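The block underneath contains the structure these notes are about, expressed in structure tokens.
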Amino acid sequence: MKTATVRARVEPELKLEVESVLNELGLSVSEAIEIYLRQIKLVHGIPFDIRIPNKTTQETFEHTDRGENLNYYKNAKDMFDKLEG
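Mapping to the UniProt record's numbering: the sequence shown position 67 is 67, numbers consecutive.
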């Protein structure tokens with residue numbers, strides 16, 4: 001029987017965006033939280049990686065946010081051709 005209550009404070013915009021996504025999946029926030037908690041129990045930890053990015057990754061994020069050093073391709077074949085060089 002479900003009798004425990006879990007409460008959390010989040011930004012209103014985050015809650016609305018998450019509710020919209022979950023609605024498309026046919027889930028309530030409560031159901032999504034239960035799935036998350038069950039996954040924590042199953043894997044004995046957070047069910048995804050939580051890491052602090054290394055210096056190279058952080059710099060790449062910053063460049064990308066500024067629109068620097070981006071590569072554009074016509075399609076997937078063009079991308080792979082250029083990657084294979």
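Using N, Cα and C, we set each Cβ at its ideal position, and we do this for glycine too. This structure is a prediction, so every number in the text was calculated from the model and none was measured.
Boundaries of the alpha helix (DSSP H) around L14: P12 to L25.
Here Y72 carries a coil assignment [DSSP, helix/strand/coil]. Annotation for S28: no alpha helix (DSSP H) segment contains it, and DSSP assigns it neither H nor E. The Cβ atoms of Q58 and P47 do not sit closer than 8 Å to each other. Nearest in C-alpha terms to A8, of all of I33, L70, K41 and Y72, is I33.
Annotated three-state conformation of K2 is coil, per DSSP. Here the alpha carbon of Y73 sits roughly 27 Å from the alpha carbon of N54. Taking a contact as a CB-CB distance under 8 Å, the pair V29 and E19 counts as one, their CB atoms being some 6 Å apart.
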